[in-house]
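For reference, the structure is listed below as structure tokens.
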Amino acid sequence: ITALITDWHVHKGVASLVAHDKSYVQVLLPFDPSLLGATVRARVISTSKFHVRAELVFVLHAPPAGPAPEMARAAGIAAVFSAPANTPAAVFDTASQPSAPMQVPIDASIE
560 ITALITDWHV HKGVASLVAH DKSYVQVLLP FDPSLLGATV RARVISTSKF
610 HVRAELVFVL HAPPAGPAPE MARAAGIAAV FSAPANTPAA VFDTASQPSA
660 PMQVPIDASI E
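If you read the sequence shown in this note's numbering, its first letter stands for residue 560, the second for the next number, and so on.
Structure follows, in structure tokens:
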């Protein structure tokens, strides 16, 4: 299945990436915030009433250049802080997260 990763979600202490295929079927993938905005090829491993679970096969198109990678890392940090207290630390990959706050360029012409 080919899907575009658009969001992330934490449910019962498990973080997942949320993607959609061309028919807008919701595809849940293992959490990796650096893939937000990427188009991927995935293999369906289970189905449910409202979504399918899949494993990543390969990345077709990397996320666009610009602030997206920093925003993705910030999303990963937010997932860590919004997860229930009993969430195992192994659910999140904290090694790739920045130690400094995210800085996003602001266009001065916008008021």
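Each residue gets a CB set at the ideal place from its N, CA and C atoms; glycine is no exception.
All of these numbers come straight from a predicted model, not from anything done at the bench.
DSSP places L619 inside the beta strand (DSSP E), whose first and last residues are 611–620. In this structure, the beta-carbon distance from R600 to L619 falls below 8 Å.
The three-state secondary structure of L595, taken from DSSP, is coil. Take the alpha-carbon of S582 and the one of F617: they are about 20 Å apart. Secondary structure at I604: strand, using DSSP grouped into helix, strand and coil.
For I564, the secondary structure class from DSSP, reduced to helix, strand or coil, is strand. Assigned with DSSP and collapsed to three states, A624 falls in coil, not helix or strand. Taking C-alpha positions only, V586 is separated from T598 by approximately 12 Å. Straight-line spacing of the CA atoms in F609 and P592 works out to 22 Å. Annotation: H579 to R612 spans about 11 Å, alpha carbon to alpha carbon.
A574 sits buried, since 16 or more C-beta atoms from the chains shown fall within 10 Å of its C-beta.
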